[in-house]
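Residue numbers (this note's numbering), protein chains in the order written: chain A, 1 to 262; chain B, 1001 to 1181.
Even for Gly, the Cβ is constructed at its ideal location relative to N, Cα and C.
Notes for the one structure printed next.
As structure tokens, this is what we get:
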């Protein structure tokens, strides 16, 4: 396999494992696997490594075996502690802030697509998004907003619109301008039908911003959308939904997969 | 995998070559079904087998020749075979609610069973600390662009990719050595 082609496929495998590859890209990658089944070994290693490192299974703590009587004493101590905890238990409800994103990291900013099947050309809108990203990591939020606005006003097409609105929302959120960020995240979510990843981000941060302005009912709908999209924010969205349901007095929504939101 | 060779073997009824090629294609189809459609191992094996029987018949009828068309046909037929089985199954269990109403993401973890994961885990643990930290950071920051990772380690984006490929190659080499033992 020629070098550049191999590198391209390796980057596609990386994107696939990270959940960043489009449906079209995934199918095209499987066609490559059918032509070169040995590439599946690479996919196996990458997927396994990511799973192991995400679960932090690697480097387990050393275990020193204890003698039998030590276990009996330990069990008795646990029973005693549980009894004491029950006795002196004080109801301490968790704070909503514990479940919220306080600051959105720059890595969440959408830039030009690194990999999109065979199309590797960078458009002007892509460059503006990349410059916006650069401004964000340089701490120049004002410049970033200007650049994202240029994309919004001049490239009203997808995926640029949804990306620019999402990025604008992120900058505004980090500046504490939640009402403005809500408008941006909403716009992004409405436009991002083509991309599950952007859509998920938009709904997740929209939910967070809505909670920050006290709109819990509407936030619940947005967070549910993020949960339903079943991506990287699923676990966090699940926890936040449980907290929202608890605070809103909705106790019948433990199983979100089989129940409707309302 | 040379699909034109496969077509030739089917048309000439060269059983040895067909058997070898079928083994390779079956393995790909099983993984495809398990990862993309979350199919059980047993069902995936059945679907892959049916798919190849159908494809061989199609080739014998001179209706399939182009390698790209064959690949596309194999994947489509494998999916179709699975959904056909699913529909049959649902007919007999019509009173049950569907378990999902939206597309689940690809189940890549299904490529490796527990034994394989243990082997890979040992390989990761055997990496040099520098490589281990690097790959850990790479996957723990999966949402980030490569430029952010490159910036973190103070290297260029190209070097970031090269280093990542090097670590994966080392892991693949170790994994394949240990799995053969």
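Along chain B, in chain order, which residues have C-beta atoms closer than 9 Å to that of residue i?
i                      : result
residue 108 of chain A : 1143, 1144
residue 17 of chain A  : 1108, 1139, 1142
residue 179 of chain A : Those do not exist, as residue 179 of chain A stays about 26 Å from chain B at its closest Cβ, beyond 9 Å.
residue 111 of chain A : 1145, 1147
residue 232 of chain A : 1142, 1143
Count the other CB atoms within 10 Å of the CB of residue i; is the residue buried (16 or more) or exposed (fewer)?
i                       : result
residue 111 of chain A  : buried
residue 95 of chain A   : exposed
residue 1031 of chain B : buried
residue 60 of chain A   : Here residue 60 of chain A scores only 43 on pLDDT, less than 50, and its place in the model should not be relied on; the value that follows carries that caveat. Result: exposed.
residue 156 of chain A  : exposed
residue 1051 of chain B : buried
residue 48 of chain A   : buried
residue 81 of chain A   : exposed
residue 1129 of chain B : exposed
residue 175 of chain A  : exposed
residue 1181 of chain B : exposed
residue 144 of chain A  : buried
residue 1020 of chain B : exposed
residue 75 of chain A   : exposed
residue 290 of chain A  : The question about residue 290 of chain A has no answer here: the residues shown for chain A are numbered 1 through 262.
residue 17 of chain A   : buried
residue 181 of chain A  : buried
Give a yes or no on whether the minimum CB-CB distance between residue i and chain B is below 8 Å.
i                      : result
residue 235 of chain A : no
residue 163 of chain A : no
residue 129 of chain A : no
residue 34 of chain A  : yes
residue 10 of chain A  : yes
residue 50 of chain A  : yes
residue 272 of chain A : With chain A covering 1 to 262 only, the question about residue 272 of chain A has no answer from this structure.
residue 41 of chain A  : yes
residue 53 of chain A  : yes
residue 30 of chain A  : yes
residue 101 of chain A : no
residue 3 of chain A   : no
residue 243 of chain A : no
Give the interface partners of residue i over in chain B, defined as CB-CB distance under 8 Å, in chain order.
i                      : result
residue 126 of chain A : Those do not exist, as residue 126 of chain A stays about 13 Å from chain B at its closest Cβ, beyond 8 Å.
Which whole-angstrom value describes the C-beta separation of residue i and residue j, a residue pair presumed to lie in contact below a C-beta threshold of 8 Å?
i                       : j                       : result
residue 1028 of chain B : residue 1018 of chain B : Not confirmed; about 16 Å, so no contact.
residue 169 of chain A  : residue 195 of chain A  : That pair is no contact at about 15 Å.
residue 1149 of chain B : residue 46 of chain A   : So it is not a contact: roughly 15 Å between Cβ atoms.
residue 209 of chain A  : residue 185 of chain A  : 6 Å
residue 979 of chain B  : residue 1008 of chain B : Since the displayed chain B opens at 1001 and closes at 1181, residue 979 of chain B lies outside it and no answer follows.
residue 164 of chain A  : residue 200 of chain A  : That belief does not hold up - the Cβ atoms of residue 164 of chain A and residue 200 of chain A are roughly 17 Å apart, past 8 Å.
residue 162 of chain A  : residue 198 of chain A  : 5 Å
residue 1070 of chain B : residue 1064 of chain B : 5 Å
residue 1120 of chain B : residue 1112 of chain B : 7 Å
residue 228 of chain A  : residue 244 of chain A  : Going by Cβ atoms, the distance from residue 228 of chain A to residue 244 of chain A rounds to 14 Å, so no, they are not a contact pair.
Could you list which residues in chain B have their beta carbon closer than 7 Å to that of residue i, in chain order?
i                      : result
residue 195 of chain A : Ordered by position in chain B, no residue passes the 7 Å Cβ test against residue 195 of chain A, which lies about 13 Å from the chain.
residue 276 of chain A : The shown model of chain A, from 1 to 262, leaves out residue 276 of chain A, and the question about it has no answer.
With a threshold of 8 Å between beta carbons, is residue i in contact with chain A?
i                       : result
residue 1019 of chain B : no
residue 1116 of chain B : yes
residue 1075 of chain B : yes
residue 1024 of chain B : yes
residue 1176 of chain B : yes
residue 1064 of chain B : no
residue 1183 of chain B : In the structure as shown, chain B starts at 1001 and stops at 1181, and residue 1183 of chain B therefore has no counterpart that could be examined.
residue 1111 of chain B : yes
residue 1071 of chain B : yes
Starting from the beta carbon of residue i, find every residue of chain A whose beta carbon is closer than 7 Å, and list them in chain order.
i                       : result
residue 1027 of chain B : 37
residue 1005 of chain B : By Cβ distance, chain A contributes nothing, its closest Cβ being about 12 Å from residue 1005 of chain B, past 7 Å.
residue 1165 of chain B : 10
residue 1136 of chain B : 53
The ligand HEM and residue i: does the residue's C-beta get closer than 7 Å to at least one heavy atom of that ligand?
i                      : result
residue 202 of chain A : This structure simply doesn't include the ligand HEM, nor any ligand for that matter.
Under 8 Å Cβ-Cβ, which residues of chain A neighbour residue i?
i                       : result
residue 1155 of chain B : Under the 8 Å cutoff, chain A gives no residues; its nearest Cβ is about 16 Å from residue 1155 of chain B.
residue 1120 of chain B : 45, 48, 49, 52
Kindly list, in the order they appear in chain A, the residues whose Cβ is closer than 9 Å to that of residue i.
i                       : result
residue 1171 of chain B : 45, 46, 48, 49
residue 1032 of chain B : 30, 33, 34
residue 1052 of chain B : Per Cβ cutoff of 9 Å: no residues; residue 1052 of chain B is ~13 Å from chain A at best.
Three or more C-beta pairs below 8 Å linking the region 1069-1085 of chain B and the region 1042-1058 of chain B: yes
Stretch pair the region 1135-1142 of chain B + the region 126-134 of chain A: three plus CB contacts closer than 8 Å: no
The region 27-42 of chain A in contact with the region 1145-1163 of chain B per 3-pair CB rule at 8 Å: no
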